[in-house]
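Residue numbers (my numbering): 2 to 133.
For each residue, glycine too, the CB sits at the ideal point set by N, CA and C.
Note sheet for the following structure.
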């Protein structure tokens, strides 16, 4: 699925409850992260729930894997990974994730703690990209 397809899918959903359920459904589809990566080394600080992000780089292109102990957060991770996976460091630097979350209708519906957690994930991804 592309970001544009995700935005299109969200546009068909009525209200926050349907969007919330869709985010949870995305979380159920998130590829499980190997337990060996669920350590402090890969933990994202600033998230209310436990979140782990692991970068893989091949030929200058990033692919991230992630997981959380909270199902809604897994869905948010799924969206964040869809936005940032298979991008170069330069592309990652230039993505405006807030603009995408506004288009999805999530920006105004996430609690401040969930929004801060999402932004912490994005910041971690950008740190990985900047260090490459």
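Same chain, Cβ closer than 6 Å to residue i, neighbours up to 5 away in sequence not counted
i: residue 125; result: 45 and 54
i: residue 77; result: 119
i: residue 48; result: 118 and 121
i: residue 1; result: Nothing can be reported for residue 1: it is not among the residues displayed for the chain, which extend from 2 to 133.
i: residue 110; result: 17
Distance, residue j Cα to residue i Cα
i: residue 86; j: residue 62; result: 8 Å
i: residue 28; j: residue 93; result: 22 Å
i: residue 83; j: residue 15; result: 22 Å
i: residue 79; j: residue 31; result: 6 Å
i: residue 90; j: residue 66; result: 16 Å
i: residue 105; j: residue 11; result: 6 Å
i: residue 73; j: residue 38; result: 20 Å
i: residue 56; j: residue 6; result: 24 Å
i: residue 131; j: residue 59; result: 15 Å
i: residue 123; j: residue 33; result: 20 Å
Range covered by the beta strand (DSSP E) that runs through residue i
i: residue 15; result: Per DSSP, residue 15 belongs to no beta strand (DSSP E) and is neither H nor E.
i: residue 69; result: 62-69
i: residue 54; result: 52-59
Where the alpha helix (DSSP H) through residue i begins and ends
i: residue 124; result: 113-132
i: residue 34; result: Residue 34 -> no alpha helix (DSSP H), and no H or E assigned at all.
i: residue 103; result: 98-105
Residues bridged to residue i (per DSSP)
i: residue 89; result: 62
i: residue 94; result: Its beta-bridge partners do not exist; DSSP assigns none.
i: residue 75; result: Beta-bridge pairing links residue 75 to no other residue.
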